[in-house]
Amino acid sequence: MTEIAERAAAALDDPENWPEDPKEAVARQRLLADRVRTEPLDAEGVELVCGLDVSYGVGDTELAAAAVVLDARTLEVVETSLVTDTPSFPYVSGLFAFRELPPVLKAIEGLSLTPDVFVSDGFGLAHPRRFGVASHLGVLIDARVVGSAKSVLYGRNTPPGEERGSWTPMVAGRSEIVDDTFALAEEGAEVIGRTLRTRSRTRPVYVSVGHRIDLEGAADLIMRVSPKYRIPEPIRHADRLCGLYRKEHEAGGAAK
1229 MTEIAERAAA ALDDPENWPE DPKEAVARQR LLADRVRTEP LDAEGVELVC GLDVSYGVGD
1289 TELAAAAVVL DARTLEVVET SLVTDTPSFP YVSGLFAFRE LPPVLKAIEG LSLTPDVFVS
1349 DGFGLAHPRR FGVASHLGVL IDARVVGSAK SVLYGRNTPP GEERGSWTPM VAGRSEIVDD
1409 TFALAEEGAE VIGRTLRTRS RTRPVYVSVG HRIDLEGAAD LIMRVSPKYR IPEPIRHADR
1469 LCGLYRKEHE AGGAAK
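Residue numbers (our numbering): 1229 to 1484.
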């Protein structure tokens, strides 16, 4: 078992990580949020990148979590891990990590390779308590994690330019639009992510720091692993793996 797999197993086994009450979960988030670190990330130096995604079955009574490792140079899949589980935490906005991270950690535990960076289909610092699922995962296993989401959970932004690579900041607090850029209206307002156009004239994605990376490096990496489609390749492959499982599982259930 790799060191990262051992960390995932240890995080799963610690009952303090998995409170059952939403109020206790919020308190746990606030405690762990102080452990988030920002470090420079050289996107060009990343060799293995792992996409993470979670998919729900009919009625949300079962979910599948996938971890798919890609060669960052060729974007070829080099390893996959898929697990299924039953959610044990309620569906509460801002607390998805307590519902979805247990199966994600099990999927990571099943990897024989150690990725340089994980890319999570979710947010990191772009979260009301600055501790979305990408940050939560990074802190639990002390790994580099980028958050790349398909829609906005928290924060304000303006649309970036239509060309690939265009971006605008996502900010916390009140903001004003001046000449298509942000004027931070509140003293101390903070940049919590980027609205990034990975494909020209297509909806952007929303990138934020998870853990042990910086925002510029995170955005550079997302651009590097999104050469053709809107969704970064690591997440796209993880989503596809979950979808294939769900399709086969539901088809098998219908046959019975």
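All residues carry an ideal CB built from backbone N, CA and C; glycine is no exception.
Nearest-angstrom Cα separation, counted from residue j out to residue i
i, j, result
"T1302", "V1453", "9 Å"
"A1371", "E1337", "13 Å"
"L1412", "V1419", "With a pLDDT of only 45 at L1412, under 50, the local geometry of the prediction cannot be trusted, and the value read off the model is given with reservation. Going by the C-alpha atoms only, they are around 9 Å apart."
"K1475", "A1325", "24 Å"
"P1388", "L1449", "18 Å"
"L1298", "G1279", "8 Å"
"P1247", "P1330", "12 Å"
"C1470", "V1332", "12 Å"
"I1463", "A1294", "9 Å"
"L1323", "A1253", "7 Å"
"L1381", "V1373", "18 Å"
"F1426", "K1378", "Note that residue 1426 is Thr in the sequence shown, not Phe. About 11 Å."
"S1394", "G1285", "35 Å"
"E1304", "I1232", "21 Å"
"H1465", "R1431", "19 Å"
"D1262", "R1357", "10 Å"
"D1241", "A1292", "20 Å"
"T1308", "I1459", "18 Å"
"T1386", "V1264", "26 Å"
"S1363", "H1355", "10 Å"
"P1268", "D1249", "36 Å"
Burial state of residue i, where buried means 16 or more other Cβ atoms lie within 10 Å
i, result
"E1234", "exposed"
"R1440", "buried"
"D1467", "buried"
"S1316", "exposed"
"M1398", "buried"
"E1328", "buried"
"K1251", "exposed"
"Y1457", "exposed"
"D1281", "buried"
"V1306", "exposed"
"P1318", "exposed"
"P1396", "The amino acid occupying residue 1396 in the given sequence is Thr; Pro does not appear at that position. Looking at its Cβ environment, which holds 16 or more other Cβ atoms inside 10 Å, T1396 is buried."
"G1375", "buried"
"P1243", "exposed"
"P1343", "buried"
"E1272", "exposed"
"E1461", "buried"
"A1255", "exposed"
"R1384", "buried"
Strand pairing of residue i, partner residues [DSSP]
i, result
"Y1284", "L1291"
"S1348", "L1280, G1375"
8 Å contact criterion, which residue i and residue j should meet: CB distance rounded
i, j, result
"V1320", "A1300", "So it is not a contact: roughly 34 Å between Cβ atoms."
"S1428", "R1392", "5 Å"
"L1443", "V1433", "The Cβ separation is near 14 Å, so there is no contact."
"V1361", "L1260", "Actually they are not in contact, since the Cβ atoms of V1361 and L1260 sit about 12 Å apart, beyond 8 Å."
"V1345", "V1435", "13 Å between Cβ atoms; not a contact."
"G1421", "L1353", "7 Å"
"A1447", "V1437", "Going by Cβ atoms, the distance from A1447 to V1437 rounds to 10 Å, so no, they are not a contact pair."
"F1351", "Q1257", "Not really, about 12 Å apart at Cβ, beyond 8 Å."
"L1339", "T1230", "7 Å"
"L1310", "A1335", "6 Å"
"N1245", "A1239", "6 Å"
"T1289", "T1312", "In fact, because the Cβ distance is near 11 Å, the residues do not count as touching under 8 Å."
Chain D contact for residue i (CB, 8 Å cutoff)
i, result
"D1281", "In the displayed structure, chain D is absent; only one protein chain is listed."
(request) Kindly provide the ranges of any alpha helix (DSSP H) runs that are 4 or more residues long and lie completely inside the region 1354-1438, ordered along the chain. (result) 1361-1369
(message) In chain order, what are the residue ranges of uninterrupted beta strand (DSSP E) at least 3 long that sit wholly in the region 1287-1314?
(response) 1291-1299, 1305-1313
(message) Quick check for students: name the residue ranges of the alpha helix (DSSP H) that lie wholly in the region 1236-1285, counting only runs of 4 or more.
(response) 1250-1261
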